[in-house]
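Quick note on numbering: the sequence shown equals residues 1 to 266 in UniProt numbering. One structure is given here, and the rest of the page talks about it.
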Amino acid sequence: MSQIPRDGPIPPVLLPATQSSQQLEELALQLVARLRAQRIAPLPTRITLSRPDGKADDFPEFRDMMPDKWTIGSGYGPVLDLESVAKLRLHPLLHPILCPPSANKDHIIWNMIYSPTTAMCVRENGQDPFDKFCLVPATFPRVLRLHLVSRRHPWEFVVRAKDKSAGVTVGDMLTALFRYLSVGLNEIDLQSTSIEHRQAITSAHETRVQTLQPEEELDITVLDWMVDRTHFAGFVHDIEYLERQFHDTPSNLHFVLCSESGPISV
Numbered sequence: 001m002s003q004i005p006r007d008g009p010i011p012p013v014l015l016p017a018t019q020s021s022q023q024l025e026e027l028a029l030q031l032v033a034r035l036r037a038q039r040i041a042p043l044p045t046r047i048t049l050s051r052p053d054g055k056a057d058d059f060p061e062f063r064d065m066m067p068d069k070w071t072i073g074s075g076y077g078p079v080l081d082l083e084s085v086a087k088l089r090l091h092p093l094l095h096p097i098l099c100p101p102s103a104n105k106d107h108i109i110w111n112m113i114y115s116p117t118t119a120m121c122v123r124e125n126g127q128d129p130f131d132k133f134c135l136v137p138a139t140f141p142r143v144l145r146l147h148l149v150s151r152r153h154p155w156e157f158v159v160r161a162k163d164k165s166a167g168v169t170v171g172d173m174l175t176a177l178f179r180y181l182s183v184g185l186n187e188i189d190l191q192s193t194s195i196e197h198r199q200a201i202t203s204a205h206e207t208r209v210q211t212l213q214p215e216e217e218l219d220i221t222v223l224d225w226m227v228d229r230t231h232f233a234g235f236v237h238d239i240e241y242l243e244r245q246f247h248d249t250p251s252n253l254h255f256v257l258c259s260e261s262g263p264i265s266v
């Protein structure tokens, strides 16, 4: 307990002219008692805090103080490598805008024959251009690498974080996907599929050339292999498909590209 007087310095005490040791002792005890009763600050009252009931969403004042897990930049949590994800048995959560579209849900629209900079994020109050969402983290927790596969082609793509301090972003995923889909196919690839599929690939390639009207000749690419399924429809973690594809337990960082047919325009 503090011994500092609450009301300022102690006033002078007048001692009797004649005093014995017993009188002085009694006077000292009286003085101490008076100081304790009148001048010393009382002990603070202990306040018991009760634990609030309800969910975190019931307390928006706390939610607004905490950083969102999809915050852009390197300030939210560690960025994990493949080994850490496997060792901790984590299943990273994909950003909602990268998931298949559904009603009343933000999602990306993009015809993959065009640059990812043409992609738009559809929201309740309008659309955001690519540069508004490209730096958003692609997963939580954030990771250094992701693997992409598709039901429409047999190849696996690897996406690496452009900025290792921020992890793989939405822009990293779309840019890497576009780059891989633009890889040219050789004759061995084309001979590995059926005649009907080769004819469909050739037709898709001709349509793409007529649409883009490039200055240089375009190779037949992985995107042509997908024929008319050129519209981005999100990613999923389809564990059953991945186990059939890899014949063992796949990495938790594998995601399956979903695509659908649609108009050839952007």
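Backbone N, C-alpha and C define an ideal beta-carbon position, used for all residues, glycine too. Given the structure is predicted, the values throughout are model-derived calculations rather than measurements.
About 4 Å separates the beta carbon of residue 150 from that of residue 257, a gap short enough to meet the 8 Å contact definition.
Between residue 241 and residue 202, the alpha-carbon positions lie close to 28 Å from each other. In this structure, 185 is the residue among 185, 136, 178, 100 with its C-alpha nearest to the C-alpha of residue 205.
The continuous stretches of beta strand (DSSP E) do not include residue 171, which lies in the alpha helix (DSSP H) extending over residues 170–181. Excluding its 5 nearest sequence neighbours in each direction, residue 23 has no C-beta neighbour in its own chain below 6 Å.
Secondary structure of residue 128 (DSSP, three-state): strand. Under the three-state reduction of DSSP, residue 97 is assigned to helix. Secondary structure of residue 72 (DSSP, three-state): coil. When DSSP reads this structure, residue 235 sits in a beta bridge with 257.
The C-beta distance from residue 255 to residue 232 rounds to 13 Å, too long to fall under 8 Å, and the pair is not in contact.
When only Cα atoms are considered, residue 147 and residue 160 end up about 9 Å apart. In the DSSP assignment, residue 156 falls within the unbroken beta strand (DSSP E) covering 153–160. Contact annotation: residue 152 and residue 259 have beta-carbon atoms nearer than 8 Å.
Non-local beta-carbon contacts of residue 173 in its own chain, meaning distances under 6 Å to residues more than five positions away in sequence, involve 138, 159 in chain order.
About 25 Å separates the beta carbon of residue 253 from that of residue 221, a gap too long to meet the 8 Å contact definition.
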